[in-house]
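**Student:** Just so we're aligned, residue 648 is where the sequence shown starts under the working numbering, counting upward by one. C-beta atoms are modelled at their ideal positions from N, C-alpha and C, and glycine is treated no differently.
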Amino acid sequence: MKYLGYFSELKPAEVKEHVAQARKAQKIWAKSSFKQRRQFLRILLKYIIEHQQLICEISSRDTGKTMVDASLGEIMTTCEKITWLLSEGERWLRPEYRSCGRSMLHKTSKVEFYPLGVIGAIVSWNYPFHNIFNPMLAAVFSGNSILIKGLERVHLGKTAAALGNTVSEHASWSGCFYIRIIQAALAAVGAPENLVDVITGFAETGQALVSSVDKVIFVGSPGVGRMIMRNAAETLTPVTLELGGKDAFIVCEDVDIPHVAQIAVRAALQSSGQNCAGAERFYVHQDIYSSFVAEVVKVVKSVTAGPPLAGKYDMGAICMQEHSEKLQSLVNDALDKGAEIVGRGSVGNIGEGAVDQYFPPTVIVNVNHTMKLLQEEAFGPIMPIMKFSSDEEAIRLANDSKYGLGCAVFFGSQRRAKLIAS
């Protein structure tokens, strides 16, 4: 067990004071030039590239993901966002002239974009570095200030554990380090203090944030998303919500089976399946179903989960111990309804005194949509594979979900793939 740190729960009055400070800073930053904002981004990009090993190690320790997963999901995605903003950000924020229509030929129509003010972001724990930087980058480049809060949980460091309600957020320990990187870069370009900060706490803290800011960004569960919408409605605060996914992965009969099987396993197992846009439902054409399942099982059986910083395992840990129990309950429900486990990976030596939060990658067949595993977001390394006989059936199965985040279609014909995807 390893104690990682302690962070206080902010009370509503303290949250409102943070918002007031951010509001003062935003009024100054709103007058900054795009040149100054780009310089901020360049400083960040340089630091991230030069210190990616450290950033990945911290993310790995806080969430249990492997260094490869941290590199792909934390570093690469964040650098891509910065690069895009550097090249495209200003263009999309310039004033636009639009047609007034024939009835107002004598008029000029112009759309100007202004900062919203203080942004409040409540983000998920699965990618602590990227999930802080992603809303922050857009907010700051657009002239806003931002306060970021993680979702509540008792944090268990994956190489070990924190105590009780000490590190009380999904990623408070790493988040409070990452925020110092941002604040140092802002100071280097002469930005005002308190422009970006992390706040820590539980539901009461989040409610105070939602009721005080000018826009809310939330990444998490549908249940919490509904509560945020209700609270935001009281002040007519605009919200952006990402409320989970149950992505379909469709494979037709004319693909390269070994190649697509490798992609499928990666899509399901990245960050131990704790990936918002990860593949959770696999639909395979009946003509290649048996061959595809056999290939996937072969790959999955070669995967070993274990302590990520040991550097010798393919997959890391499940971030929360109770989530492992949820995953097992989804598997048990499927088995009770006739499903069959046809392949599992293994768990390596996790070491004496470590918290066992490893769920072996699992391939399940004979599944159907009456099973919770095909309807609820699993967020874990489980691959339920179901067969289909026609494009129409594949589309129907893929759309039979309350979630709508992403989908992957693999066909030999690009035209056919696009038709199904659309």
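Measuring CB atoms only, is the stretch 716-728 touching the stretch 824-833, in the sense that at least three cross pairs come out at less than 8 Å?
**Tutor:** Because the criterion of three Cβ pairs below 8 Å is not met, the stretch 716-728 and the stretch 824-833 do not touch.
**Student:** Between G797 and V845, is the Cβ-Cβ spacing less than 9 Å?
**Tutor:** Against a cut-off of 9 Å, the Cβ pair of V845 and G797 comes out as a contact.
**Student:** With 16 as the cutoff for other CB atoms within 10 Å, does Y744 come out buried or exposed?
**Tutor:** Counting Cβ neighbours within 10 Å, Y744 comes out exposed, since fewer than 16 surround it.
**Student:** Apart from the five residues just before and just after V1014, which ones in its own chain have a Cβ nearer than 8 Å to its Cβ?
**Tutor:** Only A981, A986, L1020, L1021, P1031, I1032 and M1033 meet the Cβ criterion.
**Student:** If we ignore side chains and look at the alpha-carbon of each, how far apart do C1054 and A911 end up?
**Tutor:** One C-alpha to the other measures close to 12 Å.
**Student:** Thinking C-beta only, is Q683 closer than 9 Å to A924?
**Tutor:** No, they are not a contact pair.
**Student:** Would you list the residues sitting across from L794 in a DSSP beta bridge?
**Tutor:** Looking at the DSSP assignment, L794 forms a beta bridge with G767 and D844.
**Student:** In terms of DSSP beta bridges, what is V1056 paired with?
**Tutor:** DSSP lists I897 as partners of V1056.
**Student:** Three-state secondary structure (DSSP) at G990?
**Tutor:** DSSP places G990 in strand when its eight states are reduced to three.
**Student:** Quick test of your reading: G1059 and V898, contact by CB under 8 Å. State the CB separation rounded to the nearest angstrom.
**Tutor:** Their Cβ separation, rounded to whole angstroms, is 11 Å, which puts G1059 and V898 out of contact at 8 Å.
**Student:** Quick check: the Cα distance between L763 and L740, rounded to an integer number of angstroms?
**Tutor:** Looking at the two C-alpha atoms, the distance is approximately 13 Å.
**Student:** Quick one: residues in its chain with C-beta nearer than 6 Å to the C-beta of R670, no 5 flanking neighbours on either side, listed in chain order?
**Tutor:** Taken in chain order, the residues that qualify are V765.
**Student:** Drop a sphere of 10 angstroms on the beta-carbon of E697, count the other beta-carbons inside from all chains shown, and report buried for 16 or more, exposed for fewer.
**Tutor:** That one is exposed.
**Student:** In angstroms, rounded to a whole number, what distance separates the CA positions of L977 and V1010?
**Tutor:** Computed Cα separation, rounded: 13 Å.
**Student:** With respect to the alpha helix (DSSP H) encompassing S1075, which residues constitute its N-terminal and C-terminal limits?
**Tutor:** Only positions 648 to 1069 of the chain appear in the structure, and residue 1075 is not among them; the question remains open.
**Student:** Ignore the nearest five residues each way along the sequence and tell me which others in E942's own chain have a CB closer than 6 Å to its CB.
**Tutor:** I904, P905 and A908.
**Student:** Report yes or no: do three or more beta-carbon pairs, one from the stretch 748-761 and one from the stretch 708-715, lie closer than 8 Å?
**Tutor:** Not touching, per the Cβ criterion.
**Student:** Could you check what DSSP says for H698 in three-state terms: helix, strand or coil?
**Tutor:** Looking at H698 - three-state DSSP - the assignment turns out to be coil, as it is neither helix nor strand.
**Student:** Contact check, I795 vs I779 under 8 Å by CB: the rounded distance?
**Tutor:** Indeed, because the Cβ distance is near 5 Å, the residues count as touching under 8 Å.
**Student:** Quick one: residues in its chain with C-beta nearer than 7 Å to the C-beta of L692, no 5 flanking neighbours on either side, listed in chain order?
**Tutor:** So the list reads C726 and I729, once near-sequence residues are dropped.
**Student:** When we look at the beta-carbon of P869 and count the other beta-carbons within 10 Å, is it buried (16 or more) or exposed?
**Tutor:** Exposed, since its Cβ has fewer than 16 Cβ neighbours within 10 Å.
**Student:** What would DSSP say about Y930, mapped onto helix, strand or coil?
**Tutor:** Three-state DSSP puts Y930 in a strand.
**Student:** Distance, Cα to Cα, K601 vs E1024?
**Tutor:** Outside the displayed span of the chain (648 to 1069) sits residue 601, for which this structure offers no information.
**Student:** Quick check on this structure: which residue in H932, A786 and R708 has the alpha carbon closest to the alpha carbon of W772?
**Tutor:** Selected option, being the one with the closest Cα: R708.
**Student:** Are P1028 and S919 close, meaning C-beta to C-beta below 9 Å?
**Tutor:** Taking 9 Å as the Cβ cut-off, P1028 and S919 qualify as a contacting pair.
**Student:** Going by DSSP in three states, K1049 sits in which element: helix, strand or coil?
**Tutor:** Looking at K1049 - three-state DSSP - the assignment turns out to be coil, as it is neither helix nor strand.
**Student:** Measure the alpha-carbon distance for H1016 versus K862 and round it to whole angstroms.
**Tutor:** Roughly 37 Å between the two C-alpha positions.
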